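The structure appears below as structure tokens.
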Amino acid sequence: MTYQSRRSFIKNATLATAGAAMLPEFLTASQMQLHEVMKAANIDNKVVVVIQLSGGNDGLNCVVPFKNDNYYKLRPKISIPKDELYEINDEVGFHSELKVFKDFYDQGILSVINNVGYQNAEKSHIRAMEIWQTASGTSEFNNRSGWIGRYLDHGCQPTCKKPYMAIEMDDALNLALKGDKLKGLAFIDPTRTYNHFNNNFYKEVAKIRDDAPEGSPLHFLYKTLSDSLSSVNHIYERSKIFKTKTPYPLTQFGVDLRTVAELIISNMETKVYYVSLPGFDTHVDQLPKHEKILAKFADGMKSFIKDLKANKRLDDVMILGFSEFGRSVKENESEGTDHGLANNVFLISGGLKKKGLYNAMPTLTNEQLDDNCLRASVDFKSIYATILKHWLSADDKHVLGREYGYLDFI
Amino acid sequence: MAVTNNQRKIQHLLLRAGFGDNPAYMQKNANRKVADITGELFKKSKSYTDIKLFEEADDMFQEGGARNKEEKAGIFKRSQEKLKQLNLAWMEKLVSDDAQLREKMTLFWHGHFACKGINAYFMQNQLNTIRKNSLGKFGDLLLAMCKDPAMLLYLNNHKNIKGKIDTSFAKELLNVFTLGKGTHNEKDTKEVARAFTGWGFDANGSYVYNEANHDAEDKLFLGTRGKFTGEEVINLLLQQKQTAKFITTKIYRYFVNENIDGNHIYTLSENFFNSGYDLNSLMKEILNSKWFYDEKNIGVLIKSPIELLVNMKRTFGISFEDNKHLIFLQKVLGQVLLYPSNVAGWSSGKELIDSSSLMLRLRLPEYIFNAAEIKLFPKEDGDVETDYLSEKDFEVLRPLVNWAEFGKPFLGQGQEKMLEGMANFLLQQPLNKKQIELIIKETDSIEKSNPVLIMAVKITSLPEYQLC
Numbered sequence: 028m029t030y031q032s033r034r035s036f037i038k039n040a041t042l043a044t045a046g047a048a049m050l051p052e053f054l055t056a057s058q059m060q061l062h063e064v065m066k067a068a069n070i071d072n073k074v075v076v077v078i079q080l081s082g083g084n085d086g087l088n089c090v091v092p093f094k095n096d097n098y099y100k101l102r103p104k105i106s107i108p109k110d111e112l113y114e115i116n117d118e119v120g121f122h123s124e125l126k127v128f129k130d131f132y133d134q135g136i137l138s139v140i141n142n143v144g145y146q147n148a149e150k151s152h153i154r155a156m157e158i159w160q161t162a163s164g165t166s167e168f169n170n171r172s173g174w175i176g177r178y179l180d181h182g183c184q185p186t187c188k189k190p191y192m193a194i195e196m197d198d199a200l201n202l203a204l205k206g207d208k209l210k211g212l213a214f215i216d217p218t219r220t221y222n223h224f225n226n227n228f229y230k231e232v233a234k235i236r237d238d239a240p241e242g243s244p245l246h247f248l249y250k251t252l253s254d255s256l257s258s259v260n261h262i263y264e265r266s267k268i269f270k271t272k273t274p275y276p277l278t279q280f281g282v283d284l285r286t287v288a289e290l291i292i293s294n295m296e297t298k299v300y301y302v303s304l305p306g307f308d309t310h311v312d313q314l315p316k317h318e319k320i321l322a323k324f325a326d327g328m329k330s331f332i333k334d335l336k337a338n339k340r341l342d343d344v345m346i347l348g349f350s351e352f353g354r355s356v357k358e359n360e361s362e363g364t365d366h367g368l369a370n371n372v373f374l375i376s377g378g379l380k381k382k383g384l385y386n387a388m389p390t391l392t393n394e395q396l397d398d399n400c401l402r403a404s405v406d407f408k409s410i411y412a413t414i415l416k417h418w419l420s421a422d423d424k425h426v427l428g429r430e431y432g433y434l435d436f437i
Numbered sequence: 003m004a005v006t007n008n009q010r011k012i013q014h015l016l017l018r019a020g021f022g023d024n025p026a027y028m029q030k031n032a033n034r035k036v037a038d039i040t041g042e043l044f045k046k047s048k049s050y051t052d053i054k055l056f057e058e059a060d061d062m063f064q065e066g067g068a069r070n071k072e073e074k075a076g077i078f079k080r081s082q083e084k085l086k087q088l089n090l091a092w093m094e095k096l097v098s099d100d101a102q103l104r105e106k107m108t109l110f111w112h113g114h115f116a117c118k119g120i121n122a123y124f125m126q127n128q129l130n131t132i133r134k135n136s137l138g139k140f141g142d143l144l145l146a147m148c149k150d151p152a153m154l155l156y157l158n159n160h161k162n163i164k165g166k167i168d169t170s171f172a173k174e175l176l177n178v179f180t181l182g183k184g185t186h187n188e189k190d191t192k193e194v195a196r197a198f199t200g201w202g203f204d205a206n207g208s209y210v211y212n213e214a215n216h217d218a219e220d221k222l223f224l225g226t227r228g229k230f231t232g233e234e235v236i237n238l239l240l241q242q243k244q245t246a247k248f249i250t251t252k253i254y255r256y257f258v259n260e261n262i263d264g265n266h267i268y269t270l271s272e273n274f275f276n277s278g279y280d281l282n283s284l285m286k287e288i289l290n291s292k293w294f295y296d297e298k299n300i301g302v303l304i305k306s307p308i309e310l311l312v313n314m315k316r317t318f319g320i321s322f323e324d325n326k327h328l329i330f331l332q333k334v335l336g337q338v339l340l341y342p343s344n345v346a347g348w349s350s351g352k353e354l355i356d357s358s359s360l361m362l363r364l365r366l367p368e369y370i371f372n373a374a375e376i377k378l379f380p381k382e383d384g385d386v387e388t389d390y391l392s393e394k395d396f397e398v399l400r401p402l403v404n405w406a407e408f409g410k411p412f413l414g415q416g417q418e419k420m421l422e423g424m425a426n427f428l429l430q431q432p433l434n435k436k437q438i439e440l441i442i443k444e445t446d447s448i449e450k451s452n453p454v455l456i457m458a459v460k461i462t463s464l465p466e467y468q469l470c
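Residue numbers (the working numbering), protein chains in the order written: chain A, 28 to 437; chain B, 3 to 470.
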């Protein structure tokens, strides 16, 4: 067997499970009614889905300013010509693989925020990702807690006590979902995770250590174990309620989004879902590589939005798509781009107040650039603050440690 | 093997000051005086030998560098391979070297002076510098780290030049290496950065002082004025009792208890300061103290992933069919040697535990001893240069364990005695009655081809095994 990663592994794995467990119609129907009931009773079940495009997505080749000479001048070999773009106005068009984003734009469910970043931005992947995940400043080093984890700690008490209130589709939990007190739950396949945990030995073990002193590390381990067992059990039960009929691409990203959609449509209590798509680090031969990864991204999003819409949940879902940094505006000698600074951020939801291009496209003039990379004009933490405050009704100041102001996309 | 309070103390010592030991050792030494074992520990850590895998830096890192993208890709590939080799060579030292205290201290310092880089030769030299100085004078180690090419490169000091300072290095020196946060202001940081202008290195991995880049003007640091050089700043930092206190506290948290005892810290750091920052004396004072063996300090630290792996390898004498599986395990558990997450080092204690990581840790014995299929993949960083750490080319681990050797001290006294002996050896938190009944029941329910293995898997699958 050759080397593989999660990305390639899924192709084999999903073929085996696809189509299994289609549930009777009546269950789906009752689920739909539950949603209607909640809506009528004005019960808030708003959720956030974070899509992390790992590696540094080249946002400039996603949302292309085709009237801007600087763009073509700085990228003689890897710019996208106007006739390959899906134009949304006289100046801007989406990458040819992002046709579905033009559809989202036309439907008024997409907002693109340009020039998002922070002061003294970092160009190392890990460090930049940590900064986004923890919402900390460049000179702060926080290995402990992320913005979603702290939302669990402070934002959504008392209902947020369970790990399943924030879910990441991965084998391991990233820093964003770790709080000082509470931590989210990472898994890929609810059934597989359930089978892992659903082992009599662990169940018994969790019950019989009743003599560990409160506050001790031993007590902490046992509490984590029993919370994990009950969370996994709950997710597994919920995951059986609704199985979507919407076809999803058989990529890891597609499968992750399908799981998230099924949980959202099942009215799972989870407030935040987190999905990653790696593969955006395009230093060399960018055009074909970027095209491929964008196709994966777009195919997944297409099914996901279609599914949420068909099940009347798009109005309750706020999707935030980001990358740890943008790429250098100027292409490098290897027909690629290097690590940059600011980038665009995507928001997709049926509940957007300000749609389309949220702010002006970068002009790419010298005063906007720093060593050929785009400077930030919007702090990403103000996007978090807006979502925390206006979407999740949380105390953003407490979660983020200070005020960053709000944007008006909600 | 009958457990005595003495045995638990020896285990405590060996788990904290090293990575534990195997049952045969414990059987032989369980009744010896703890003080003698402590003395032996220091004696065995006196000697030191370099890890020498690479004689020089890759040519391609030398003057001129890569000529095109193919060459560049080639350098990275080779370097990644070398970093893996270096990782495994050090792992081997952690597991097998008799100088257990030295290696444990090295792991501590590697987290303290957190650094990573693609140049394997530089990283090898840095690792050796830490290993060499890990039980010496802190001041020597600090100065050596400040002159270390991998560190200077990682913290951007080659870009810190007179008139155009870069404070990355100065920030870490003050916040992480010596005083700690909140002890100085931004102005101090800038003044320190000025003192370290001109500190650089060459492609061969030697420290180079470039006088032309050095800012020799007056600086004002911590209320003292002078034309400070980097060395003088380091001396000023060592004159601060806060530095002794900061280092002592960090060592105490790592070796004794995350909850510190103010009185112990005070005495230890005063003595540390007065000894001229002698690490050997500090460690002796801690490990020979009576309070080190207080009940509240035993079995209360959460093993870091490296401690967990090395401890298992040492205890069970595990050898892997393919050593690269050890890199996979480090990555999936969240701590890769020579690859700390950031300048703040690795997470520790409760930060390491969430539902997913705990589940993986509890299942680890199944993966290692029972060849359970590993369906998980390490998290990808999104960085093409570190993708290699997330690769996986196997479904099951096939390690070799000498079960006869491991089981010998526990056999021949009936099942309950065997469990008692094994649990007392593997766990520092004693099991309660219900747990003992459960494990006996579980062991009975399985057809016994190898009762030692079955029992060991059950015991190591308990949350108690995560503690040391």
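Positions of the beta carbon are idealized from the N, C-alpha and C atoms, including for glycine.
This one's a predicted model, so the numbers in the text were calculated from it and none came from an experiment.
Quick one: does residue i have its CB under 7 Å from some CB of chain A?
| i | result |
| --- | --- |
| B:PHE124 | no |
| B:GLN437 | yes |
| B:HIS14 | no |
| B:ALA346 | yes |
| B:GLN128 | no |
| B:ILE355 | yes |
| B:GLN468 | yes |
| B:LEU413 | no |
| B:LEU360 | yes |
| B:SER465 | Residue 465 of chain B is actually Pro in this sequence, not Ser. Interface residue, yes. |
With the cut-off set at 7 Å, would you say residue i and residue j are in Cβ contact?
| i | j | result |
| --- | --- | --- |
| A:ASN88 | A:SER350 | no |
| A:ASP334 | A:THR273 | yes |
| A:PRO315 | A:ASP254 | no |
| A:VAL127 | A:LYS339 | no |
| A:ALA2 | A:ASN142 | For residue 2 of chain A there is no data in the structure shown, the boundaries of chain A being 28 and 437. |
| B:LEU181 | B:THR245 | yes |
| A:ASN399 | A:VAL372 | no |
Looking at chain B, is there any beta carbon in it that lies within less than 7 Å of the beta carbon of residue i?
| i | result |
| --- | --- |
| A:GLY367 | no |
| A:PRO276 | no |
| A:LEU252 | yes |
| A:PRO305 | yes |
| A:ALA199 | yes |
| A:ASP238 | yes |
| A:ASP316 | The sequence given here places Lys at residue 316 of chain A; Asp does not occur at that position. Output row for A:LYS316: interface = no. |
| A:MET49 | Because the pLDDT of A:MET49 is 36, which lies under 50, any placement of that residue in the model is unreliable, and the number read from its coordinates should be weighed accordingly. By this cut-off, A:MET49 is not an interface position. |
Could you tell me how far apart the beta carbons of residue i and residue j are, in whole angstroms, since I believe they sit closer than 8 Å?
| i | j | result |
| --- | --- | --- |
| B:PHE427 | B:PRO25 | 6 Å |
| B:GLY20 | B:GLN102 | 3 Å |
Considering only the alpha carbon of each residue, which of the options lies closest to residue i?
| i | options | result |
| --- | --- | --- |
| B:PHE44 | B:MET285, B:GLY351 and B:PRO453 | B:MET285 |
| B:SER357 | A:GLU149, A:VAL259, A:PHE352 and A:TYR431 | A:VAL259 |
| B:ILE304 | A:ARG402, A:ARG154, A:LEU245 and A:LYS336 | A:LEU245 |
| A:GLY484 | A:LYS319, A:ARG429 and A:GLY182 | The structure shown does not extend to residue 484 of chain A, since chain A spans only 28 to 437, so no value can be given for it. |
| A:LYS319 | A:GLY306, A:TRP174 and A:ASP397 | A:GLY306 |
| A:LEU442 | A:TYR433, A:VAL426 and A:TYR249 | The requested residue 442 of chain A does not occur in the structure, where chain A is confined to residues 28 to 437. |
| B:GLY232 | B:ALA91, B:ALA374, B:LYS149 and B:GLN242 | B:LYS149 |
| B:LEU391 | B:GLU397, B:LEU399, B:VAL398 and B:GLU382 | B:GLU382 |
| B:SER49 | B:ASP38, B:ASP99, B:PHE179 and B:GLU58 | B:ASP99 |
| B:SER463 | B:SER451, B:ASN452, B:GLU449 and B:GLU444 | B:GLU444 |
| A:GLU124 | A:ASP422, A:LEU419, A:PHE324 and A:ILE175 | A:PHE324 |
| B:ALA120 | B:TYR467, B:GLU309, B:LYS79 and B:ILE39 | It is Ile, not Ala, that sits at residue 120 of chain B in the sequence shown. For B:ILE120, the nearest C-alpha among the options comes from B:LYS79. |
Taking only heavy atoms of the ligand MG into account, decide whether any of them is closer than 6 Å to the Cβ of residue i.
| i | result |
| --- | --- |
| A:GLN160 | By its list of ligands, the structure shown contains no ligand whatsoever, and the ligand MG lies outside what it can speak to. |
*Curious, which full-length alpha helix (DSSP H) runs of at least 4 residues does the segment 381-443 of chain B contain?*
Complete alpha helix (DSSP H) runs here, min 4: 405-409 and 417-428.
*Kindly provide the ranges of any beta strand (DSSP E) runs that are 3 or more residues long and lie completely inside the segment 225-309 of chain A, ordered along the chain.*
Listed in chain order, they are 299-305.
_alpha helix (DSSP H) runs contained entirely in the segment 180-232 of chain B, provided each spans 4 or more residues_ = Correct list: 188-197.
*asked:* Quick check for students: name the residue ranges of the alpha helix (DSSP H) that lie wholly in the segment 25-85 of chain B, counting only runs of 4 or more.
replied: Here the runs fully enclosed are 25-31 and 36-46.
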